[in-house]
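What follows is one structure encoded as structure tokens, with my remarks underneath.
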Amino acid sequence: MKVPLVAPSLLAADFSAMGAAVESISRSGADWAHLDVMDGRFVPNLSFGPKMVADLRGCSTLPFDVHLMTVEPESLIAPFADAGADLITFHVEATVHAHRHCEAIRKLGRRPGISLVPSTPLSAIEELLAVVDQVLVMTVNPGFGGQSLLPSCLDKVRRLAAMRKRLGLGFLISVDGGIGRDTAALAIEAGADVLVMGSAFFGMPEPAREVAFVKGCMSGLEPGMG
Ligand code: DX5
Ligand code: ZN
Numbered sequence: 000m001k002v003p004l005v006a007p008s009l010l011a012a013d014f015s016a017m018g019a020a021v022e023s024i025s026r027s028g029a030d031w032a033h034l035d036v037m038d039g040r041f042v043p044n045l046s047f048g049p050k051m052v053a054d055l056r057g058c059s060t061l062p063f064d065v066h067l068m069t070v071e072p073e074s075l076i077a078p079f080a081d082a083g084a085d086l087i088t089f090h091v092e093a094t095v096h097a098h099r100h101c102e103a104i105r106k107l108g109r110r111p112g113i114s115l116v117p118s119t120p121l122s123a124i125e126e127l128l129a130v131v132d133q134v135l136v137m138t139v140n141p142g143f144g145g146q147s148l149l150p151s152c153l154d155k156v157r158r159l160a161a162m163r164k165r166l167g168l169g170f171l172i173s174v175d176g177g178i179g180r181d182t183a184a185l186a187i188e189a190g191a192d193v194l195v196m197g198s199a200f201f202g203m204p205e206p207a208r209e210v211a212f213v214k215g216c217m218s219g220l221e222p223g224m225g
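Each residue of the sequence shown is one higher than the last, beginning at 0 in numbering that gives the first Met the number 0.
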């Protein structure tokens, strides 16, 4: 049975109570906290910067999975590494020298990840697969939480998993956007190892039950505490 890692996204949390939101992620049985950084240019929305990550760092020992949805992500690598990010994922569409930036992230002792939006083909990241720890496949067009998963993106996950096997590589495959009870099993079956969940975590009365559900959804038994 495959048990996914779960990374709740703080984008869906109440921004007036971020410390408590991170603590609720820690208590829920989730594995990472996912932090969406939006610049109003790469995506049509703004979220927060490195100070938020630094201030939240003391609220949890869970790995911080920082997802940069920004142009020129290279300018933000050091600030987010200093702030306490464990994984730093940026978009292949946002920069030319993605390979160099992955090396820079690793040199700072952090784990590099590469992401791609729904319209970007896998060929755009093929040359990076050997130098990343995670590929974050966007399963919605990034910018906002609460959207529905685009089913065509799961085929991309499937092809990426096949590519990983063929190349004998070990990066994690994350899926981000529209993941929850209804879609988790489809994403895991397609090859996802990490489920990012925003509204399906913070929008629910008992987020820990959602984590247990998606972690148990491939068991063939009544899932988790669902
Ligand atoms: C979307 C962000 C996601 C978002 C997911 O641009 O990258 O991490 O928070 O939210 P849900 O799970 O609500 O689709
Ligand atoms: Zn994200």
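Glycine included, each C-beta is placed from N, C-alpha and C at the ideal position. Note that the structure is a prediction, hence the values are computed from the model and not measured.
* **Beta carbon nearer than 5 Å to a non-hydrogen atom of the ligand ZN** => In chain order, the residues positioned with their C-beta nearer than 5 Å to some heavy atom of the ligand ZN are Asp35, His66, Asp175.
* To do: Give a single yes or no on whether Leu10 has its beta carbon closer than 7 Å to a heavy atom of the ligand DX5.
  => yes
* **His33 beta carbon near the ligand DX5 (any heavy atom closer than 7 Å)** => yes
* Asked: Got a sec: does the ligand DX5 put a non-hydrogen atom nearer than 7 Å to the Cβ of Gly39?
  -> Every heavy atom of the ligand DX5 is 7 Å or more from the Cβ of Gly39, so no.
* Between which two residues does the alpha helix (DSSP H) harbouring Phe200 extend? -> Note, Phe200: alpha helix (DSSP H), 198–201.
* Asked: Which whole-angstrom value is the C-beta distance of Leu242 and Ala32, which I expect to be below 8 Å?
  -> The question about residue 242 has no answer here: the residues shown for the chain are numbered 0 through 225.
* Grab the span of the alpha helix (DSSP H) containing Pro78 for me, first residue to last. => 73–82
* Among the residues of its own chain, which have a CB less than 6 Å from the CB of Ser27, if the five just before and after it don't count? -> Pro206, Ala207, Val210
* Could you tell me which of Val131, Thr138, Leu107 sits nearest to Thr119, measuring between CA atoms? => Thr138
* To do: Along the alpha helix (DSSP H) that carries Asp154, what are the first and last residues, could you check?
  => 151–166
* Asked: So does Gly145 have its beta carbon nearer than 7 Å to some heavy atom of the ligand DX5?
  -> Proximity of the beta carbon of Gly145 to the ligand DX5 is indicated: a heavy atom of the ligand is located closer than 7 Å.
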